[in-house]
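Undergrad: In my numbering, the protein residues as written are 10 to 938.
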Amino acid sequence: MSRLDAARRTVGTGVIALALAGAAVLAQQQNGNQEQDAEFAKLVKEWTTSPEFMSPLVDHLPVAPGVPTPKDVLGYYVGTPKKLTHNADLLKYYRALEAKTSRVKVLSIGTSDENRELAIVFVGSEESIRQLDQERQALAQLADPRGLTPQQAQDIIQKAKPIYHLMGGLHSGETGPSEMLMELAYRLAVEDSPVIRQVRDRVIVTITPAADPDGRDRYIDWYNKHLIDITSDRDRTPGPPYWGKYVFHDNNRDINYSQTSMRALLAWYLQWHPPIMHDLHESVPFLYTFSGQAPQNPTLDPILYGEMPMFANFEMAQLTKYGMPGVWTHGFVDMWSPGYLAFMSSNHNGLVRMYETFGNGGATTMKRRVTGEGGGGEAGGNQTTREWYRPLPPYKEVEWSMRNNTNYMETAVLSGLEYAPAFPQGVLENFYLKSRHSIEDGKKEAPHAFIIPGGQRDMTRVAMLINLLRRQGIEVGRTTAALKLTDGSYPAGSFLIKRDQPYGRLAKILLEKQNFPDASLRTYDDTGWTMGLMLQADVKSTADKSVLETKVEPVTELTLSGSVTTAANAAAFIIADYGSNNLVTLRYRLKSLAVQAAEAPFRVGTTEFPAGSFIIAAKPDVEAQVKKAIEPLGLTAVGVAKMPDVARHDVDLPRLAMFSTWGSTQEVGWVRHAFDTYELQYDLIYKERIREGNLRAAYDVILIPNQAGSAKRLVFDIEPKGKPLAYTKSDQFPSLGAYGSSDDITGGMGLEGVVELQKFVQAGGVLITLGASSQFPTDFGLVRNVNSGRPSAQFYAPGPIVSAEILKPENPIFYGYTQRIVPVRYANGPLLQVPETDRDQQVLMRFPGGDDSVMSGLMKGANEIKGRPAIVDVPVGPGAGRVLLFATNPCYRWQNHGEFGMLFNAILHWNDIKHPAPQPTATAASAER
Ligand SMILES: [Zn+2]
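Here's what the structure looks like:
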């Protein structure tokens, strides 16, 4: 019996941890038979700022004749001061490694928004790499164990190898992981120490070199241009205005996988089913290993909550044993929201893992003051105290280098990898059991299924909902006959998501109401995401177990085909407004046609058309154009013999600008992504264009998405520090200057910009502000009568879904909405205050407030929003100028599609939002009080 077999039999006793820990140290001593790179050892020692920041796992690098190290390909070692590696060079290294060892394979999985290659690197024994396809199939069987007997499952578990996936470069300013992973891959491929051999033989390690390659290249260009010589955290300079094309950190909040690179990774995941997925980040000192603290999502398998601290504690013990201070668990990130990228694993019955390693935002050695850094979690801002979960705390001040970062992260990852093969069959067995439990839970526990009734008025949002579920691998079926359950009846053609499927628990997590377990707990991100509410589509659940026997046709992807029914000699085409977001796309696709909107519901024969329906006069050629546009958008059009007799207005497209600060582009990015997807045309403008003035001559509508957090920051943005901070493209820095360019991104629009925006609305322009940006027109006096305030310090609302009451259902903003009470995501926008004299005219939607208005997630202090305006329309100036203030964010993270329509309507009907003239004297007087 080998020592390993003996070790495997003692799993779970705690003995194994000690045995392997001893083995690791021993391994280094026994490693004399492999030639080591002396220059590497000397240099990394130099770059490590203090001896205790090094470990015996990474203080050496074996020489493997013919197999290139990162230095052989790139010209420098990982952790070299001031050296960062662009995406193409990362891949160049992995491909060079692949060419020289049969222990490495590189798989291309697509391209990014900016056409950079996305890849997965596999590292394992020759045998593992040769048999990757069999391994993939074995994992797929464990991921969906339906039809496997327990004995068959055990046979697979005994033979298969777990895939342990490591992800670097999701957050582009966190530069270390992508560097470290190259060295790790090399080490795993060539080192002959017992520990590494064991990892190589028993586990398949896979690597995402840079999850956001566009952002990585842009960040590195920026670092080389602006940050490389900064050696103290007191001289911090902001990062580049963009990482990837649309969103920054929120590529780790993309719950619906809307972003190209995130979608590619998910597709790979669903093919390969790595039971462990480990995301490498940088922030708090010195290394935080995620153990999954409360609040925890109760739908996930309890096994997961045992596995997470098990790995985390082992790593903490190992690094502490090596004398490395500042390694801790707990007290930072919780397990509530399922929307982080690597949670694709826990959402699919795998094990999610995550580190935060201390990093300098680049490869420059820097003096860092640690007290008060970071924050979040129950530990608050101070991460240097000794706690039960932080037995050897980080220092208050430290000289920190890229190599320190590499040493910590690589040592911890190697420890995690050392732990995994200690019981590889345990990892696989847990994966199998979690998958099986998901299926069994659906049979044992209500709800047994979710039902999306067929025949909903707007099927385009239903289709979107179904396709978002399908994207995550959730099985959806379509009923072929009417469905009668003890708690509801549904027509044939309804959609059924049975819970007795491998991803049944993910379906429950996404579709159920979120009941936050304890209002005294804080959480790292959103508390509510219920998809039916976010999309404003009807979703039911059932406690009737017989639903599991219902015959359904599997849905691969739901594509709707629009319909055009028409009589010969039609006088007009009517496109019904059932609240589809595709209506805005249709308008843009039919840009050259005159389109009108009905201002009230009307009938043609027996068919009733809602207000907002489009009316297009029939002319030669129009029918073909309408048909061509309607069908792919899933809309409904009818050709009618005579022009309907209903009040209507022209739907003329505005010359539209979207304003972005340079310092806070992320929320704007989500709106850009939505507008690009729905094909709205707009100019993205910055302070430079605002200051130039003459805005009314160029634009009809200026949209200021939620950003910056306060009016002051929206106006003054990044603080100037004496010298300009250019974001411009050059041969040397080709990734800069994308999505806008500026010789100096600091300073904001300033007061001169405020004046120009005021002139714009005074001259008849429409200004639309979303979320926090709605403090701008109130605080800078563009609207004199409306004020904005903030809730009390006790108020806490991390992204719940609350009800909102539509007060002016006839207003074009609410075309397509049928209910007076609608679910909206609470955006923590300003608490708006409109004087009583104007309230009746100007407040279009309000928050009923109170605990009863919280539909999903947590809002503590819900009485504070009682009766507060959610959308306000304020006429300004002598002409048709107006400011539309949304306290909501109707375009949030590709999530609240049910609210998108309010923003799209505001744009389509920008000059037809009818409003009685204000009464200036009363308004001014009440504003004074
Ligand atoms: Zn991060």
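Glycine residues also receive a C-beta, built at the ideal position from the N, C-alpha and C atoms.
Which ranges would you report for the beta strand (DSSP E) in the segment 567–629 if only whole runs of at least 3 residues count?
TA: 572–575, 581–584, 605–607, 611–613, 616–618, 623–626
Undergrad: Given that a residue counts as buried once 16 or more other Cβ atoms are within 10 Å of its Cβ, and exposed if not, what is Glu144?
TA: buried
Undergrad: Please name the residue in His446, Val863, Gly858 whose C-alpha comes closest to that of Lys875.
TA: If we check each option's Cα against that of Lys875, Gly858 comes out closest.
Undergrad: Hey, would you say the C-beta of His287 is under 6 Å away from at least one heavy atom of ligand 1?
TA: no
Undergrad: What I want to know is whether the C-beta of Glu188 ends up closer than 6 Å to one or more non-hydrogen atoms of ligand 1.
TA: no
Undergrad: Below 7 Å between beta carbons: does that hold for Ile166 and Glu438?
TA: yes
Undergrad: Check this for me: beta carbons of Val7 and Leu520, under 7 Å apart or not?
TA: This structure cannot settle anything about residue 7, because the visible part of the chain is limited to 10 through 938.
Undergrad: Roughly how far, in whole angstroms, is the beta-carbon of Ala6 from the beta-carbon of Lys651, given that I think they are within contact range, below 8 Å?
TA: Nothing about residue 6 can be read from this structure; the chain reaches only from 10 to 938.
Undergrad: Hey, out of Pro71, Arg209, Asn703, Pro203, whose CA is closest to Leu197's CA?
TA: Arg209
Undergrad: Measure the alpha-carbon distance for Glu617 versus Ile639 and round it to whole angstroms.
TA: If you take the alpha carbons of Glu617 and Ile639, they lie about 19 Å apart.
Undergrad: Applying the criterion that 16 or more other CB atoms from any shown protein chain within 10 Å of the CB defines a buried residue, is Ala431 buried or exposed?
TA: buried
Undergrad: Considering only DSSP beta bridges, list what Lys507 is partnered with.
TA: Ala458
Undergrad: Cβ of Arg596 within 7 Å of Cβ of Ile624?
TA: No.
Undergrad: What is the rounded straight-line gap between the Cα of Ser181 and the Cα of Glu676?
TA: 17 Å
Undergrad: Identify every residue that forms a DSSP beta bridge with Phe668.
TA: Looking at the DSSP output, Phe668 shares a beta bridge with Ile694.
Undergrad: Which residues in the same chain have their Cβ closer than 7 Å to the Cβ of Val407, if we skip the five residues on either side of it in sequence?
TA: Arg377, Val379
Undergrad: Specify which residues have a beta carbon nearer than 6 Å to any heavy atom of ligand 1, listing them in chain order.
TA: His180, Glu183, His290
Undergrad: Quick one, are the C-beta atoms of Ser424 and Gln327 less than 7 Å apart?
TA: yes
Undergrad: Once DSSP output is grouped into helix, strand and coil, what is the label at Phe769?
TA: In this structure, Phe769 counts as helix in the three-state DSSP scheme.
Undergrad: Have a look at the DSSP bridge pairing and note the partners of Gln842.
TA: Note: Gln842 sits in a beta bridge opposite Asn796.
Undergrad: Tell me whether Gly614 is buried or exposed, calling it buried when 16 or more other Cβ atoms sit within 10 Å of its Cβ.
TA: exposed
Undergrad: So, does the segment 408–421 touch the segment 261–277, judging by three or more C-beta pairs under 8 Å?
TA: No, the segment 408–421 does not touch the segment 261–277.
Undergrad: How far does the alpha helix (DSSP H) with Leu99 in it reach, from first residue to last?
TA: 96–109
Undergrad: Which same chain residues end up closer than 7 Å to Ala30 when comparing Cβ atoms and leaving out the 5 residues on each side of it in sequence?
TA: Bear in mind that a pLDDT of 46 at Ala30, under 50, signals an unreliable position, so the number given afterwards is only what the model happens to contain. Result list for Ala30: Gln327, Lys330, in chain order.
Undergrad: Rounded to the nearest angstrom, what separates Gln928 and Asn794 at their Cα positions?
TA: The pLDDT assigned to Gln928 is 47, lower than 50, so where the model puts this residue is not dependable; a value taken from the coordinates is nonetheless given after this. Taking the straight line from one Cα to the other gives about 11 Å.
Undergrad: Would you grab the beta carbon distance between Ser782 and Gln716 for me? Rounded to a whole angstrom, and I think it's under 8 Å.
TA: 6 Å
Undergrad: Whole angstroms are fine: how far does the CA of Val763 sit from the CA of Ser503?
TA: 52 Å
Undergrad: Between Phe789, Gly756, Pro899, which lies nearest to Ile822 when the distance is taken from Cα to Cα?
TA: Pro899
Undergrad: Which whole-angstrom value is the C-beta distance of Ile213 and Gly133, which I expect to be below 8 Å?
TA: Here Ile213 really is in contact with Gly133; their C-beta atoms are around 4 Å apart, less than 8 Å.
Undergrad: Helix or strand or just coil, what does DSSP make of Trp919?
TA: Trp919 falls in the coil class under three-state DSSP.
Undergrad: Please report the distance separating the alpha-carbon of Arg531 from that of Lys522.
TA: 19 Å
Undergrad: Reducing DSSP to helix, strand and coil, say where Met191 ends up.
TA: helix
Undergrad: Pair every Cβ in the segment 571–590 with every Cβ in the segment 552–559, then say whether three or more of these pairs are closer than 8 Å.
TA: Result no; under three Cβ-Cβ pairs closer than 8 Å.
Undergrad: Considering only residues of the segment 140–194, which uninterrupted beta strand (DSSP E) runs meet the minimum length of 3 residues and lie entirely inside it, listed in chain order?
TA: Those beta strand (DSSP E) runs which fall completely within the segment 140–194 and span 3+ residues are 172–176.
Undergrad: Could you compute how far the alpha carbon of Gly194 sits from the alpha carbon of Gly359?
TA: Checking the displayed sequence, the identity of residue 194 turns out to be Ala instead of Gly. Those two C-alpha atoms are separated by around 23 Å.
Undergrad: Taking Arg104 and Ile138 to be in contact with their CB atoms under 8 Å, please state how far apart those CB atoms are, rounded to whole angstroms.
TA: Contact flag wrong, Cβ pair sits at about 15 Å.
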